[in-house]
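Single-structure report; data block below.
Printed below as a string of structure tokens:
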């Protein structure tokens, strides 16, 4: 499956260029139990899984995904191997409140996530959700 492909890529790069830092950006693997572990066992330097948005917007922004499953995935990686940096990202400008963003930051910190990126949502096409506002 997909997790095995990530692991093979990590192994391939490590064998050919041991000094290269490797960051993977993974999906939630459709909530397949322990798929994340296949990737983590390959020891990327950074395990990234983007939360994307606040819990109240999940059904609208990430249908089929679950906020707490994504949060748990990141925490499980850190529990499995604390030397692997964990990272996540969220988009702003979708209708979230400042309080909700701060809560996501608290949740990620509680899950021992090391890095967070916050970026402005930009509507990629007419089929996608409208920008609610531009956050400065």
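Residue numbers (full-length UniProt numbering): 1 to 136.
Where a beta carbon is used, it is the ideal one built from N, C-alpha and C, also for glycine.
Owing to the predicted nature of the structure, the values given are computational and were not obtained by experimental measurement.
Checklist entry - Near residue 50, what residues of its chain come up, given a Cβ to Cβ distance below 6 angstroms and the 5 sequence neighbours on each side ignored? => result On the chain shown, position 50 is the one that residue 50 refers to. Leaving aside the five residues that flank residue 50 on each side, the residues in its chain whose CB is nearer than 6 angstroms to its CB run, in chain order, 88, 89.
Checklist entry - If you scan the UniProt domain "Radical SAM core" (1-136) from start to end, which runs of the alpha helix (DSSP H) of 4 or more residues do you find wholly inside it? => result Scanning the UniProt domain "Radical SAM core" (1-136) from its first residue to its last, the whole alpha helix (DSSP H) runs of 4-plus residues come out as 2-16, 35-41, 58-61, 67-80, 98-110.
Checklist entry - Measuring CA to CA, which of 114, 66, 109, 57 is closest to residue 95? => result The residue given as residue 95 occupies position 95 in the chain shown. Considering only alpha carbons, the answer is 57.
Item to check | residue 125 versus residue 102 - alpha carbon distance | outcome: In the chain shown, the residue the question calls residue 125 occupies position 125. In the chain shown, the residue the question calls residue 102 occupies position 102. If I take the Cα positions, the gap works out to 28 angstroms.
Checklist entry - What's the gap between the Cα of residue 16 and the Cα of residue 35? => result Position 16 of the chain shown, counted from the start, is the residue given in the question as residue 16. Position 35 of the chain shown, counted from the start, is the residue given in the question as residue 35. Between the C-alpha atoms of residue 16 and residue 35 there is a straight-line separation of about 25 angstroms.
Checklist entry - Under 8 angstroms between C-beta atoms, does residue 136 make it to chain C? => result The chain labelled as chain C is not found in the depicted structure, where only one protein chain is given.
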